[in-house]
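Chains U and Y supply the protein sequences, listed in that same order. Take 1 as the starting number for the first sequence in our numbering and just add one per residue. Take 1001 as the starting number for the second sequence in our numbering and just add one per residue. Report on one structure; see the data block that follows.
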Amino acid sequence: TDPCYSESGSARYCIPEFVNAAFGQEVTVSSTCGRRNCEHTYLTDLNSAQNLTCWQSEMLRSMPFNVTLTLSLGKKFEITYISLHFCSEKPDSMAIYKSMDYGRSWTPFQFYSSQCRRVYDRPNRAEITKLNEQEPLCMEMPNSADSSNAILVFSTLDGRPSRTNFVSSPVLQDWITVTDIRVTFNRPKMNKDMREPAYFYAMSDFQVGGRCKCNGHAHRCMRDKDGMMVCDCKHNTEGSECDRCKPFHYDRPWQRATPKDANECLPCNCNLHARRCRFNMELYKLSGRKSGGVCMNCRHNTAGRHCHYCKEGYYRDMSRPITHRKACTACDCHPVGAAGKTCNQTSGQCQCKDGVTGLTCNRCAKGYQQSRSPVAPCIKIP
Amino acid sequence: EVLPTLDMALFDWTDYEDMRPEDS
Chain U
1 TDPCYSESGS ARYCIPEFVN AAFGQEVTVS STCGRRNCEH TYLTDLNSAQ NLTCWQSEML
61 RSMPFNVTLT LSLGKKFEIT YISLHFCSEK PDSMAIYKSM DYGRSWTPFQ FYSSQCRRVY
121 DRPNRAEITK LNEQEPLCME MPNSADSSNA ILVFSTLDGR PSRTNFVSSP VLQDWITVTD
181 IRVTFNRPKM NKDMREPAYF YAMSDFQVGG RCKCNGHAHR CMRDKDGMMV CDCKHNTEGS
241 ECDRCKPFHY DRPWQRATPK DANECLPCNC NLHARRCRFN MELYKLSGRK SGGVCMNCRH
301 NTAGRHCHYC KEGYYRDMSR PITHRKACTA CDCHPVGAAG KTCNQTSGQC QCKDGVTGLT
361 CNRCAKGYQQ SRSPVAPCIK IP
Chain Y
1001 EVLPTLDMAL FDWTDYEDMR PEDS
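So this is what it looks like as structure tokens:
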């Protein structure tokens, strides 16, 4: 069974499973104490308490004490927490940044410091309201009961007012969307008693809890033919995050699925006469937000936004359904008897010259006889 | 009563050559 569809076949909200998105991913670090090219797999390998494996920075003897770790998830994820397991004492000041565009731009996610204003020019524990839900907070590093195995967990939605109504909060959906995470250690916890100060940062695990972002239109992510992680899109959607409608499914605008409404993309109704269509917002609004698809290049001599009537010069053959490729028949107006080449699109009646009759205007009406003039082919019998 | 169809051969196109259908 497909989780994106009910047993009766109707579309329903579906999401990939909750995972540690960092597991097995490569971490780039600016400082390490050991081999330079080990890819720091100890950070994102299986974290076993019985066999703790750590990454450690080089010894830092003087300022600056900056060390950066960058984790690429390779795909947009919606993350709810970042958890860092330290093998050393937790740093005094550190920042977490996120990127939503594969590392091209970065925005701050969270700061920790005993001196928020001095180190990061941020207030300590600023108030988060509905007006600034995308603002990073700065706070003191939380204390751990056991400093030898300290864990720091940053919950991305914690304290943000719309978290209880996440499905209808585009702001928070955007806030927790990431492709890359960067952790910058800026200041270790200083020990004034040390005669020759030397500091280092060490971590055993870097976890990122979240779901592959598919906007409610896929229940899993997979590798595409180029090896890139993409959603396995359903509901007539496509794109790496199921973020647009498939071609020919533009009858209503793309929307994220919600538990109440799968918001699947619907095909345009072109009566089998067009392969392409476009979305028109004006028509969509006029229809009461039901249908906005406009068919393009109607074939088989049809016309209209749904290819639902015959184009000029053709009339509807009512013996066939509109979906039939021969539903429209050429008018066949008489070149002399008819006033033009077009006919009534439903009856096929051509517009006849005076005194001419017949569906195609090919006969003189009763009381008329054929003349020699092509301008007035039928004249009244004297 | 079945009305006869227009006989194209009866038309005089002398003054209307530009209107004349190709097949007449």
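Beta carbons are placed, not taken as given, at the ideal position from N, Cα and C, and that holds for glycine. None of the values given here were measured: they were computed from a predicted structure.
With DSSP as the reference, label residue i as helix, strand or coil.
i       : result
U/M318  : coil
U/E282  : helix
U/D174  : helix
U/N165  : helix
Y/D1018 : helix
U/M63   : coil
U/M228  : coil
U/V119  : helix
Y/M1008 : helix
U/F200  : coil
U/R187  : strand
Y/V1002 : coil
U/T156  : coil
U/T258  : coil
U/I381  : coil
U/P108  : strand
U/C138  : strand
U/E26   : coil
U/H235  : coil
U/G74   : strand
U/K353  : coil
Would you say residue i and residue j are within 8 Å of each other, going by their C-beta atoms?
i       : j       : result
U/E127  : U/P161  : no
U/M94   : U/Y112  : yes
U/L131  : U/K90   : no
U/L73   : U/Q110  : no
U/H249  : U/N236  : yes
U/C4    : U/L52   : no
U/R372  : Y/D1012 : yes
U/N215  : U/A257  : yes
U/A330  : U/Q351  : no
Y/L1003 : U/T357  : yes
U/T360  : U/R316  : no
U/H300  : U/C328  : yes
Taking only beta-carbon atoms, is residue i less than 8 Å away from chain Y?
i      : result
U/R320 : no
U/S387 : Not covered by the structure: residue 387 of chain U. The range shown for chain U is 1 to 382.
U/V294 : no
U/C364 : yes
U/H300 : no
U/Q351 : no
U/P382 : no
U/P247 : no
U/T342 : no
U/V336 : yes
U/P377 : yes
U/Q370 : yes
Could you pull out every residue in the same chain whose Cβ sits closer than 8 Å to the Cβ of residue i, ignoring the five residues on either side in sequence?
i      : result
U/N191 : P197
U/E58  : S31, T32, C33, F200
U/G159 : I128, L137
U/G103 : T70, S72, T179, D180
U/C54  : Y42, C87, A202, M203, S204
U/N297 : A274, R275, R276
Tell me, please, whether the CB atom of residue i is closer than 8 Å to any CB atom in chain U?
i       : result
Y/D1012 : yes
Y/D1007 : yes
Using only alpha-carbon positions, find the residue among the options that is nearest to residue i.
i       : options                        : result
U/V208  : U/N271, U/A202, U/T156         : U/T156
U/L272  : U/R372, U/T258, U/Y309, U/V356 : U/Y309
Y/L1010 : U/A376, U/K380, U/Q370         : U/Q370
U/K98   : U/M63, U/R289, U/A339, U/E135  : U/E135
U/G313  : U/P321, U/T342, U/C333, U/T302 : U/T342
U/C270  : U/A303, U/Y368, U/D224, U/Q56  : U/A303
U/V27   : U/E17, U/S287, U/R182, U/P16   : U/R182
U/A376  : U/V167, U/E241, U/S83, U/D354  : U/D354
U/L84   : U/T184, U/V336, U/E241         : U/T184
U/K75   : U/S8, U/K326, U/Q349, U/C231   : U/C231
U/M139  : U/F206, U/R61, U/S8, U/C116    : U/C116
U/S62   : U/S6, U/Q56, U/N186, U/S105    : U/N186
U/R252  : U/Y120, U/K225, U/L286         : U/L286
U/D261  : U/V167, U/R223, U/K213         : U/V167
Y/D1018 : U/N66, U/I379, U/P374          : U/P374
Take residue i and list the residues in its own chain whose beta-carbon comes closer than 7 Å to its own, dropping the five residues that flank it on each side.
i      : result
U/V294 : C277, R278, N280, L283, R305
U/C245 : N236, T237, W254, C265
U/I79  : A21, T156, I176, V178, V208, G209, G210
U/D193 : none
U/Q349 : C343, L359
Identify, in the order they occur along the chain, each residue of the same chain with its Cβ nearer than 6 Å to the Cβ of residue i, setting aside the five sequence neighbours on each side.
i      : result
U/A21  : L73, F77, V208, G210
U/V14  : The amino acid occupying residue 14 of chain U in the given sequence is Cys; Val does not appear at that position. Within the same chain, U/C14 has close Cβ partners P3, C4, H219.
U/K189 : E89, D92
U/C233 : H217, A218, C242
U/R125 : M139
Does the ligand GDP have even one heavy atom less than 7 Å from the beta-carbon of residue i?
i      : result
U/T179 : Among the components modelled here there is no ligand, and therefore nothing to report on the ligand GDP.
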